[in-house]
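Structure record follows, encoded as structure tokens.
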């Protein structure tokens, strides 16, 4: 590769990539653009804080020896061993399925480590070894973890924020809401023990970028992919970074900036989008990352990352510490001292003396050494003593910026601005920057003091622009108070020519006959005077294109005036019409003046978007389009096609014996012969219908020729989509009335409109429990359909009492892409009664006999035969204790006891239909010779000849609660017509009566003999 060139290796490999010159490398698979792990990132201790909910994985490579790798995790209070692995030399291994939390990796030999989640599709990043100082850019969110107890962390940002916190081994820490899409500040972390930090979530994609130590910072970066932005974090302010193209051409330069110029606050620069092969070169070591495309943040490797790594790391022995100071100037001193100095006088044994005096700093800035000589006049002191201190004379005043001939507020008709100034300061000037509307546009490095300087900017657009000059000296004092504004006035119309008004020859406050001309295309002519004082950009406000002229009169109301419009190069056979916002515009707003030689001339009263158009309009649609009803169509279904061929001016249809409209279709890449598109006088539309045999999207074309009536020929095309469609046609049963436990055949009729295909048919049966539908049964059948086939699927169900939904679904798993997904279900309700009807005859003869059934005498009964009682076979009651319901809750409690709550034919629904707690109908029954009044009754079936009442055994308790014996009663009524014929009794009994008590499911019948 030449400098700036890019190349690609294909296939999968785990071997190292190496080169004799620095290079950058990233993954070219998928869309992640992840940087490969440089060998200089090897180490033995690594930390990571996974805050994603998805599982992640560490990948390891051991380049130099067999590595014993141990993984620890932390719930936030110390480290716990969770896994270990031995990695042979030169091989790779992973630890997977790692949940959210803090992790520590310890190896006995240097290894390389990467992290990623969801099979490495999120947050993939190279992990540098844990360190005590880290730099990076906070990509909205920052996460870190501490290795040891009693760790103190401090961070500083280029936004002039700082904070200090304490943490223990395994503790995680974070920063959030720092800014998206590269706008977050540069951040520097420092700690007394090793930590790790990474950034993630800049607002799009799945990304992660590690913070790196000072040894991993660099000055030269190569970008192997196209990118949305590139961010720089620099340890020092005003670091100069320049971006170059792959061809080596300078693109732009920035000085890193910070809201606080003093160390240790970092500074930042943000480059815009760029291309693969770009490079960035800085004059000091920095951190850099870029966003691949618009999704994935990726650490940028630098020239230091290509250096060799020695394992084990070489030992370094510090040399002798030295102190070096700026020597005193040849003449003069940096301090003035008082006229006399203090002495200590006489000092006794163990006495102390602390003389003090003040000096005034008058010398140059820098480090100065002050020597103090203590002289003793006592013979016991064998020698004098000299002590020294170092003093730093520092400049604390910002530079002074003075404008030189440029007023603070100015205006002009050009977009060129030059500002002259000079800057003075005690210290040297580090840099000056020039900002337009808050954005850095130019800068000077180390400009001379007290010299006339200037910034020049060309090409400013119309309008007001705010500028400012910032200068920083070598001690990072900054002046940011020199500002001004510059207003560009005049007329910008660079895209127009021809007859366009020469604005240098007119008064823009009073332009007569203003012309905006695009030769060969169109023209606007304001025939009255126009005031454009202050200047406008006609390029931005107007658009003249083929058959279209637009003026943004909302932004510039002074152009919302009457004007002549010229449309050139038209090939219409007849005089065109004018459309305003795609709708016909006629007099008085729009008036056609002429059409000759392909040029149409109109007068309009005000401005918006205008289009010249043929005098006829032809719109087409079909059943599947919203205009046609939006009905999906399947193979073999008839599709209607419509065309509206009309006069643009009146909207009336164009038709007649000499008007010809045809329609054709593209089937299997071949057009069908033209067919007649027939006019329907009732709908005033041209219509055609046809079917399609298979699924697909078909192009269709319609043509209308109304030249005989003075209208343009028009040819338009559209598409119609025919889709597979499964339909659930109906659900039916083989019996209309059954009882619990009977077998029911449920027939599901389904249909396939389309190509042959296999799918499933399901039947889901749910039952109403009084408040919700609950599952009862579920069936599934596989059906292999031929093309356009109906199918009947039978399901067998054992009935349970209650109201049920029979819900049939075809293609429940959505195996097919269908024209209509709303017709795949069909539901019916089916009720299995909670009651059974008993009826029959009674012997109306009375017999007298003995215990051995020897008959003494018999005769026919002439009166009513009495009552029939029905109860659970496990019940025991005395008919003389039977009483009627009297409490409002008696019906609900009996439903609960019998399991009928929520049924639409429960006891409460039948006996108290209006739900007022009182029986709708009552009757009196004579039981054991005594009348029992107020007995709730209903007709046993469809006639009042037979009634069923409900009683309970009062001997079981003082009030009915559902735990007492429940008895249903009916009266004999000889030879009466009932629902099922003529008989003596008919009674309605709950199907669950036999399950009220005990284990017997039977019901006992008791006949009262009177």
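Numbering (this note's numbering), first residue to last: 1086 to 2095.
Glycine is no exception: its CB is placed at the ideal position from the N, C-alpha and C atoms.
Limits of the unbroken beta strand (DSSP E) element including residue i
i	result
residue 1870	1858-1870
residue 1185	Taken as a continuous stretch (DSSP letters only), residue 1185 belongs to no beta strand (DSSP E), as it is neither H nor E.
residue 1953	1952-1957
residue 1613	Run containing residue 1613: none; DSSP gives neither H nor E here.
residue 1930	1930-1934
residue 1282	1271-1285
residue 2044	Where residue 2044 is concerned, there is no enclosing beta strand (DSSP E), given that its DSSP letter is neither H nor E.
residue 1548	1548-1558
residue 1798	Segment: none, residue 1798 is in no beta strand (DSSP E) and carries neither H nor E.
residue 1526	1524-1530
residue 1738	First-last for residue 1738: undefined, no H or E at that position.
residue 1312	1312-1319
residue 1349	Element bounds for residue 1349: n/a, residue is neither H nor E.
Residues that residue i bridges to, as DSSP identifies them
i	result
residue 1337	1328
residue 1772	1727 and 1763
residue 1677	1687
residue 1668	1665
residue 1692	Per DSSP, none; premise fails for residue 1692.
residue 2037	1968 and 2051
residue 1842	1870
residue 1177	1146
residue 1963	In the DSSP output, where bridge partners are listed per residue, residue 1963 has none listed.
residue 1749	1786
residue 1153	1171
residue 1889	1852 and 1915
residue 1259	1228
residue 2063	2066
residue 1563	1557
residue 1603	1607
residue 1268	DSSP output for residue 1268 lists no bridge partner at all.
As assigned by DSSP and simplified to three states, the class of residue i
i	result
residue 1995	helix
residue 1642	helix
residue 1136	coil
residue 1088	coil
residue 1698	strand
residue 1719	coil
residue 1300	helix
residue 1588	helix
residue 1803	strand
residue 1125	helix
residue 2086	coil
residue 1713	helix
residue 2080	helix
residue 1109	coil
residue 1657	coil
Span of the alpha helix (DSSP H), counted from its first residue to its last, around residue i
i	result
residue 1875	Premise fails: residue 1875 lies in the beta strand (DSSP E), 1874-1883, not in any alpha helix (DSSP H).
residue 1574	Neither: residue 1574 is in no alpha helix (DSSP H) and is coded neither H nor E.
residue 1977	1975-1983
residue 1624	1623-1626
Any non-hydrogen atom of the ligand MN within 7 Å of residue i CB
i	result
residue 1171	Among the components of this structure there are no ligands whatsoever, and the ligand MN is therefore not found.
Per-residue burial, residue i [other beta carbons within 10 Å of its own, 16 or more giving buried]
i	result
residue 1809	buried
residue 1245	exposed
residue 1788	buried
residue 1094	exposed
residue 1608	buried
residue 1797	buried
residue 1820	exposed
residue 1596	buried
residue 1767	exposed
residue 1886	buried
residue 1103	exposed
Checklist entry - Which runs of the beta strand (DSSP E), 3 residues or longer, sit entirely within the stretch 1365-1391? => result 1381-1384
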